[in-house]
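Asker: Got a structure for you, questions after.
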Amino acid sequence: MKCVKFTNVRKLCTYQKLNYFYDNKRRNLLEQTSNLKNESQERDIIGPPDEVSNLRPIIFVKPSNESKLEKKYREAREATQSWNKKFWFDHNSKFIKERKEFQKELEANGNKSITADEMSIFYKNFLDKNWKNHFNYNISWYQQNIRILFLELKVRLSKFKFK
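First residue of the sequence shown? That's 6 in the numbering used here, and the numbers climb one at a time after it.
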């Protein structure tokens, strides 16, 4: 892995630079979205899509009279969102890195312009290499969403009982 001097402190590799920029951008986004929060927030706030994961961050409502069950439901949604964002950030970072390496390899072999057919070879190889990752992701995604669904049903039933 080729590393370049990035800061005065140490050399960072491309992936580390990507993480560095992502962390700073995420910190800035959190500061911006925290300005959007106020005590009278009645709805979830959805932010702009992340450049790497392509997912929109969500700030979930924290009602002042939130029950333990509602808190558990909100925290499950937040945990699933974080897990999902991490998966797609890692996956897309890996994809971008490998795609650039593939393109450099084609250019080193004398290809001045890269065709869609040549890129389709890369896409197929990448998907074949990562199919198990996607399969496991889908299973986990369904499990987490079913858990969230049952928690939401419990929350709605508990509210229905008290009305």
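Glycine included, C-beta positions come from ideal geometry on N, C-alpha and C.
Have a look at 56, 60, 70 and 62 and flag the residue whose alpha-carbon is nearest the alpha-carbon of residue 47.
Answerer: With distances taken between Cα atoms, residue 47 lies closest to 70.
Asker: Please name the residue in 80, 120, 86 and 161 whose C-alpha comes closest to that of residue 62.
Answerer: Checking every option, the nearest Cα to that of residue 62 belongs to 86.
Asker: Among 67, 98 and 120, whose alpha-carbon lies nearest the alpha-carbon of residue 55?
Answerer: For residue 55, the nearest C-alpha among the options comes from 98.
Asker: Taking the alpha helix (DSSP H) that residue 65 belongs to, which residues open and close that run?
Answerer: First-last for residue 65: undefined, no H or E at that position.
Asker: Identify whether residue 50 lies in helix, strand or coil by the three-state DSSP scheme.
Answerer: Three-state DSSP puts residue 50 in a strand.
Asker: Just how far apart, CA to CA, sit residue 125 and residue 64?
Answerer: If you take the alpha carbons of residue 125 and residue 64, they lie about 37 Å apart.
Asker: Pick out whichever of 154, 116 and 103 has its Cα sitting closest to the Cα of residue 81.
Answerer: When each option's Cα is compared against that of residue 81, the closest is 154.
Asker: Can you give the Cα-Cα distance for residue 145 and residue 152, rounded to whole angstroms?
Answerer: Rounded to whole angstroms, residue 145 to residue 152 spans 11 Å at the Cα level.
Asker: How should residue 118 be labelled, buried or exposed, when 16 other C-beta atoms within 10 angstroms of its C-beta is the threshold for buried?
Answerer: Looking at its Cβ environment, which holds fewer than 16 other Cβ atoms inside 10 Å, residue 118 is exposed.
Asker: Checking 7 Å against the spacing of the C-beta atoms, do residue 60 and residue 93 come in under that value?
Answerer: Against a cut-off of 7 Å, the Cβ pair of residue 93 and residue 60 comes out as a contact.
Asker: Between 78, 58 and 51, which lies nearest to residue 163 when the distance is taken from Cα to Cα?
Answerer: The residue with the shortest Cα to Cα distance from residue 163 is 78.
Asker: In angstroms, rounded to a whole number, what distance separates the CA positions of residue 53 and residue 135?
Answerer: Those two C-alpha atoms are separated by around 28 Å.
Asker: With a 10 Å radius around its C-beta and 16 neighbouring C-beta atoms as the bar for buried, classify residue 72 as buried or exposed.
Answerer: Counting Cβ neighbours within 10 Å, residue 72 comes out exposed, since fewer than 16 surround it.
Asker: What residues in its chain sit with their C-beta under 6 Å from that of residue 251, if we drop five residues either side in the sequence?
Answerer: A query on residue 251 cannot be resolved here, the shown segment of the chain reaching from 6 to 168 and no further.
Asker: So residue 127 packs on residue 140, CB below 8 Å; how close in whole Å?
Answerer: With 8 Å as the limit, residue 127 and residue 140 do not qualify as a contact, their Cβ atoms being about 21 Å apart.
Asker: Work out the CA separation of residue 112 and residue 83 for me, nearest whole Å.
Answerer: If you take the alpha carbons of residue 83 and residue 112, they lie about 43 Å apart.
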